[in-house]
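Participant: Quick one: the structure is below, questions incoming.
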Amino acid sequence: MKTSSTFPDVPQGWESWEQLMERALVLAHHAADSGEVPVGALIIGPDGDILAEASNAPITRNDPSAHAEMQALRIAAEKIGNYRLNGCTVVVTLEPCLMCLGAFIHARIAGLVFGAADPKSGAVMSCMDGAHLDFVNHHFPVLDGILAEECGNILRDFFRARRGKK
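Residue numbering for the sequence shown follows full-length UniProt numbering, starting at 1 and increasing by one per position.
In structure tokens:
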């Protein structure tokens with residue numbers, strides 16, 4: 001597990017980041033059951049409350065931007081009545097892509113926790129250090145590797161099963 005910058009403590013009301021990631025994994029399983037790439041995301045408010053939960057849904061919604069993170073951001077912003085999610089932390093099972101990274105920067109999230117790295121398109125640590133780009137006006141700490149094996153396994157199992165059907 002690597003941490004970039006100083007990462008805040010586990011939100012009040014929660015025992016560990018693993019406990020939150022387990023909730024995100026349930027959402028990832030819902031996505032897989034719907035034929036979507038199994039990714040789940042939560043938005044945790046400054047007081048430790050879950051503001052949003054979402055699963056990947058680009059296929060079912062016919063929307064290329066319907067990643068779990070994007071959907072969770074939309075739900076949380078609607079819930080609080082502000083597109084800025086100051087003090088909020090994103091918990092997601094897979095390292096976010098470039099699109100989701102951009103949304104995090106614009107939303108001014110307080111931090112990101114993710115499970116499995118994405119060596120092909122992860123825009124936070126794997127392919128680039130997206131949380132600390134010099135040319136953007138917002139940076140946030142990142143905590144990676146939370147239940148990484150479980151988060152990676154659900155993805156590997158999903159794609160193995162999909163390839164087996166072809």
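All C-beta atoms in this analysis are idealised placements derived from N, C-alpha and C, irrespective of residue type, glycine included. The model shown is predicted, which means the values in this text are computed figures rather than measured ones.
(1) Using a 10 Å radius around the Cβ and a threshold of 16 neighbouring Cβ atoms, would you call D144 buried or exposed?
(2) Would you identify the three-state DSSP class for F114, choosing helix, strand or coil?
(3) Have a look at T3 and I105 and give me their C-alpha separation to the nearest angstrom.
(4) Should P38 be labelled buried (16 or more other beta-carbon atoms within 10 Å of its own) or exposed?
(5) Are the beta-carbon atoms belonging to C127 and A110 less than 8 Å from one another?
(6) Quick one: residues in its chain with C-beta nearer than 7 Å to the C-beta of G35, no 5 flanking neighbours on either side, listed in chain order?
(7) Going along the chain, which unbroken runs of the beta strand (DSSP E) with 3 or more residues stay wholly within the UniProt domain "CMP/dCMP-type deaminase" (15-125)?
(8) For K79, which option in L20, V92, I50 has the closest C-alpha, if you only look at C-alpha atoms?
(9) Would the region 12-32 count as touching the region 118-135 if we require 3 or more Cβ pairs under 8 Å?
(10) Going by alpha carbons, who is nearest to residue 167 out of A117, N62, S16, A76?
(11) In angstroms with no decimal places, state the Cα-to-Cα distance between Q19 and I146.
(12) Classify L155 as helix, strand or coil using the three-state DSSP reduction.
(13) To the nearest angstrom, how far is the alpha carbon of S55 from that of F135?
(14) What's the C-alpha gap between Q12 and R163?
(15) What does a CB cutoff of less than 7 Å around F7 pick up in its chain, not counting 5 residues either side in sequence?
(16) Tell me which same chain residues have a C-beta within less than 8 Å of the C-beta of L101, skipping the five on either side of it?
Facilitator: For this structure:
(1) Mapped onto the sequence shown, residue 144 falls at position 144. Buried is the call here.
(2) Sequence index remark: in the sequence shown, residue 114 carries index 114 (1-based). DSSP places F114 in strand when its eight states are reduced to three.
(3) The residue you call residue 3 lines up with position 3 of the sequence shown. The residue you call residue 105 lines up with position 105 of the sequence shown. Since pLDDT at T3 reaches only 48, below the 50 mark, its modelled position is unreliable, and the value read off the structure follows with that caveat. For T3 and I105, the distance between alpha carbons rounds to 18 Å.
(4) One-based indexing of the sequence shown puts residue 38 at position 38. Flag for P38 reads buried.
(5) Numbered from 1 along the sequence shown, position 127 holds the residue referred to as residue 127. Numbered from 1 along the sequence shown, position 110 holds the residue referred to as residue 110. No. Outside cutoff.
(6) Position 35 of the sequence shown, counted from the first residue, corresponds to residue 35. Cβ within range, chain order: I59.
(7) 40-44, 50-55, 89-94, 111-116
(8) Counted from its first residue, the sequence shown places residue 79 at position 79. For the residues L20, V92, I50, the minimum Cα distance to K79 belongs to I50.
(9) no
(10) A query on residue 167 cannot be resolved here, the shown segment of the chain reaching from 1 to 166 and no further.
(11) Counting from one through the sequence shown, the residue named residue 19 turns up at place 19. Counting from one through the sequence shown, the residue named residue 146 turns up at place 146. Approximately 10 Å between the Cα atoms of the pair.
(12) Numbered from its first residue, the sequence shown carries residue 155 at position 155. Helix, per DSSP.
(13) Against the sequence shown, residue 55 aligns to sequence position 55. Against the sequence shown, residue 135 aligns to sequence position 135. Each residue's alpha carbon lies about 30 Å from the other.
(14) The sequence position of residue 12 within the sequence shown is 12, counting from 1. The sequence position of residue 163 within the sequence shown is 163, counting from 1. Cα-Cα distance, rounded: 42 Å.
(15) Residue mapping note: residue 7 aligns to position 7 of the sequence shown, counting from 1. Here the set comprises G111, P141, L143.
(16) The residue labelled residue 101 in the question sits at position 101 within the sequence shown. Correct list, in chain order: A123, V124, G130, A131.
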